[in-house]
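Take any residue in the sequence shown, count from 1 to its spot, add 70: that is its number in my numbering.
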Amino acid sequence: MYKFKYLVFIFLLLTFTSCQLDTEVVQGINQDKANKIAAVLIEHGISAKAFLKDKARSRFAVSVPRNQYQKVLLVIKNEGIDTKEDINILTLLQGGIFAPKQRELSNLRLDFVLAEKITDAIQAMPLVYNAKVMVRLNSVKEADKSSVVAVVLTYKDPPYLLSEEIKKVIKGIVPEVPLKNVVVKISKKGKIVGKVSQTREKLVPFLLFWRIPESQYNSLALVIIGLFLLSVVAGYFFGFLYFVRSTRKNSTKGQLTLTESDINKDISKLPRG
């Protein structure tokens, strides 16, 4: 009997522990993207967290409680969150994308490496929000040697951002490409992760005639109660002042009347010449 109770306790403990375990929903992404995905999930009431999963490749992941996994999938679908694994320089150099010992694929891989270097350099600029880079240098045919670097980027705020600065960054990484073949497209619009979640807050009745957001109900109720108590205290205070002034006024008036009568009595007692 004792062993049976012990086994039941262990089973319940394991069940509870398994419910609390986290599961990864996104992995192999950069830190900025992981933080943005976690922020979107947290806005929907999900306990998401971003963490460093692969230190060597500087790749991050996002995990959520296992019991919220179905809700996470629904949020990812509705918000259009990009969960694809990012391709970085180390992955390309390790041969995880292209088969080795093939000249065409090796040249294409080199162009990908250059594109990743340019992307990292541009996204390190404080105003840049997102950047997509395409390089065609090593992978173009010898007969048609027309190297091209194309950049499409978005930025956070509308301050003036010179495309010449971007071209200088590119020229420093791939000096073989002429500046005339560097194309920079700058856009004011664009989002990295999903879309902005705007949910209509539930309205509740307030003071019979009004309807206010549910989150503001307690604060408004406390404000009204505080104003009521303050008005009561102010009423008692000013009422007390009025009572004191009235009492003093009546007392002073009585003293003046008594003094005049006494004077008249004294005058009547004086001898008349």
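In this text, a Cβ means the ideal position worked out from N, Cα and C, and glycines have one as well. Nothing here was measured: the structure is a model prediction, and the numbers come from that model.
Apart from the 5 residues on each side of it in sequence, I236 sits with its Cβ closer than 7 Å to the Cβ of I192, V221, V254 in its chain, given in chain order. Judged by beta-carbon spacing, E94 lies within the 7 Å limit of A131, meaning their Cβ atoms are closer than that value. Per DSSP, reduced to three states, the secondary structure at T93 is strand. A Cβ-Cβ contact shorter than 7 Å links V134 with A118.
Approximately 6 Å separates the beta-carbon atoms of I240 and I188; this is inside 8 Å, confirming the contact. Between V205 and D181, the C-beta gap is smaller than 7 Å, which places the two residues in contact. For S117, there is no enclosing beta strand (DSSP E), as DSSP marks it with neither H nor E. The Cβ-Cβ distance between N105 and A120 falls below 7 Å.
Non-local beta-carbon contacts of L184 in its own chain, meaning distances under 7 Å to residues more than five positions away in sequence, involve V205, L207, I243, V244 in chain order. For V314, same chain residues with a beta-carbon under 8 Å away, outside a window of 5 residues either side, do not exist. Scanning N251, I256, E149 for the CA closest to the CA of N200 turns up I256. Between K123 and Q97, the C-beta spacing is below 7 Å. Under the DSSP assignment, V145 falls in the alpha helix (DSSP H) whose first and last residues are 139 to 149.
In the DSSP annotation of this structure, S128 is not part of any alpha helix (DSSP H), being labelled neither H nor E. Exposed is the label assigned to K154, since fewer than 16 other Cβ atoms lie within 10 Å of its Cβ.
Counting along the chain, the unbroken alpha helix (DSSP H) around V239 starts and ends at 233 to 243.
Taking C-beta atoms under 8 Å as the contact rule, V219 and N251 qualify, at a distance of about 7 Å.
Sorting L277, E246, V203, S316 by C-alpha distance to the C-alpha of I294 places L277 at the top. Put simply, the backbone Cα of R318 is about 11 Å away from that of L311. Residue environment for V203: buried (at least 16 other C-beta atoms within 10 angstroms of its C-beta). The beta carbon of P275 lies closer than 7 Å to those of R281 in the same chain, with the five residues before and after it left out. The Cβ neighbour count for V247, taken over all protein chains shown within 10 Å, is at least 16; the residue is labelled buried. Between A304 and Q286, the alpha-carbon positions lie close to 27 Å from each other. Taking the CA atoms as reference points, S233 sits about 11 Å from L249.
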